[in-house]
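Heads up, the sequence shown is in this note's numbering, so the first residue is 49 and it goes up one at a time.
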Amino acid sequence: MADNPTNTLGGPGQSAVFEVRVEVSAVLGTAMMPISQILKLGRGAVVELNRKVGEPIELRANEALVGYGEIVVVDDKLGVTMTEVIRKT
């Protein structure tokens with residue numbers, strides 16, 4: 049019975065929350081720059097991010113950090129393999 053998500057939330061009627069769809073995003077990194085610099089960006093411009101090559105990327109659900117992972121290729125699409133899951137206690 050431990051595999052039933054309704055048991056971890058306290059009972060029946062709670063299972064509907066597991067059907068709520070959220071936006072999941074993988075964040076390669078971020079950069080801060082003035083708007084004047086953003087306006088000068090053009091084709092071929094490089095924006096340096098705050099992450100180094102090989103560092104895990106952030107996985108977010110509705111902007112909230114839920115874990116870290118590594119970029120993988122699945123068929124002809126990009127994906128993320130989870131390497132760490134963040135659980136709020």
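Glycine is no exception: its CB is placed at the ideal position from the N, C-alpha and C atoms. These numbers were taken from a predicted model, which means no experiment stands behind them.
A distance of 8 Å or more separates the beta carbons of residue 114 and residue 128. Fewer than three beta-carbon pairs drawn from the stretch 89-97 and the stretch 115-127 are found closer than 8 Å, and the two stretches are therefore not classed as touching. Distance between residue 98 and residue 78, taken at the CA atoms: about 6 Å. In the three-state reduction of the DSSP assignment, residue 87 falls in the helix class, which pools H, G and I. Counting of Cβ neighbours within 10 angstroms places residue 111 among the exposed residues, the total staying below 16. Between residue 86 and residue 94, the alpha-carbon positions lie close to 11 Å from each other.
Our two residues, residue 117 and residue 68, have alpha carbons roughly 23 Å apart in a direct line. Here residue 119 is exposed, its C-beta having fewer than 16 other C-beta atoms within 10 Å.
A direct Cα-Cα distance of roughly 18 Å separates residue 137 from residue 65.
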